[in-house]
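Read the structure below first, then the notes.
Protein chains in written order, with the working numbering: chain A, 1060 to 1172; chain B, 4 to 115.
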């Protein structure tokens, strides 16, 4: 079974801080994704990566960056956290091919004070 | 650009009632379609998927979905819901090899 592990379940940070959210998958998947989940807005894609050091912007990349130095790890970075980035963040991975489902982590609930 | 629309934001049913959740997508090419479920306090998981073949697909826990190409729809159904089906349900489409697009989600509450 695919395991996607997010480093923190809950995180509280202050405005202006640089915040790192980490995600690790154990299935050698090429594709990894970061979403934020807000009530009534579903899942919105922030960034995704289809290979090491490769990344593409999703629908809401502003204020975020990502890093993928190793295949199993995909990091989301909030360069200067703001209160409107308070949200649930979900990481996912997926094997090759568009017919493969995504596998999700448990999520990180991030509060920016 | 691809988009996904889920018609019902919140559905409330009694146990044993039948369920149908609507999902429409906008993309004219070949699509791969998914329904995911998120039970309270748990991570999102796959309920079922369609990518080719029989347009009626069956998933876990008695759920099924029908792909109707002419209507750009992929509605989720269950003949008789249980209290344990209380969850949030997301429809998703992969039109490009890279990324998925998700609907806004439907919260299902089943009353015992």
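Glycine included, each C-beta is placed from N, C-alpha and C at the ideal position.
query	result
Name, please, each residue of chain A whose Cβ falls closer than 8 Å to the Cβ of residue 32/B.	Neighbours of residue 32/B on chain A: none; closest Cβ ~11 Å, over 8 Å.
Do residue 1148/A and residue 1136/A count as a contact pair if the criterion is CB distance below 8 Å?	no
Under 7 Å, CB to CB, which of the residues in the stretch 64–90 of chain B have a partner in chain A?	none
Ordered along the chain, which non-local residues of its own chain (more than five positions away) have a Cβ less than 6 Å from that of residue 1097/A?	1146
Where does residue 1130/A fall in DSSP's three states?	coil
Find the nearest neighbour of residue 16/B within the set 84/B, 68/B, 94/B, 102/B, judged by alpha-carbon distance.	84/B
Is residue 52/B buried or exposed, if buried means 16 or more other CB atoms sit within 10 Å of its CB?	buried
Considering only the beta carbon of each residue, do residue 78/B and residue 44/B sit closer than 8 Å?	no
Would you mind working out which of 1069/A, 1073/A, 1129/A, 1105/A sits nearest residue 1142/A, comparing C-alpha positions?	1073/A
Assuming residue 129/B contacts residue 96/B under a Cβ cut-off of 8 Å, what Cβ separation, rounded to an integer in Å, is found between them?	This structure cannot settle anything about residue 129/B, because the visible part of chain B is limited to 4 through 115.
Just to check my reading of the structure: residue 1140/A and residue 1078/A have Cβ atoms closer than 8 Å, yes? What is that Cβ distance to the nearest angstrom?	5 Å
Going along the stretch 1153–1166 of chain A in order, which residues come within less than 9 Å of chain B, judged by CB to CB distance?	1153, 1155, 1156, 1157, 1158, 1159, 1160, 1161, 1162, 1163, 1164, 1165, 1166
Using a Cβ cut-off of 7 Å, which residues of the stretch 1063–1086 of chain A contact any Cβ in chain B, in chain order?	none
Looking only at C-alpha atoms, which of 1167/A, 1171/A, 1159/A sits nearest to residue 49/B?	1159/A
Thinking C-beta only, is residue 66/B closer than 8 Å to residue 36/B?	no
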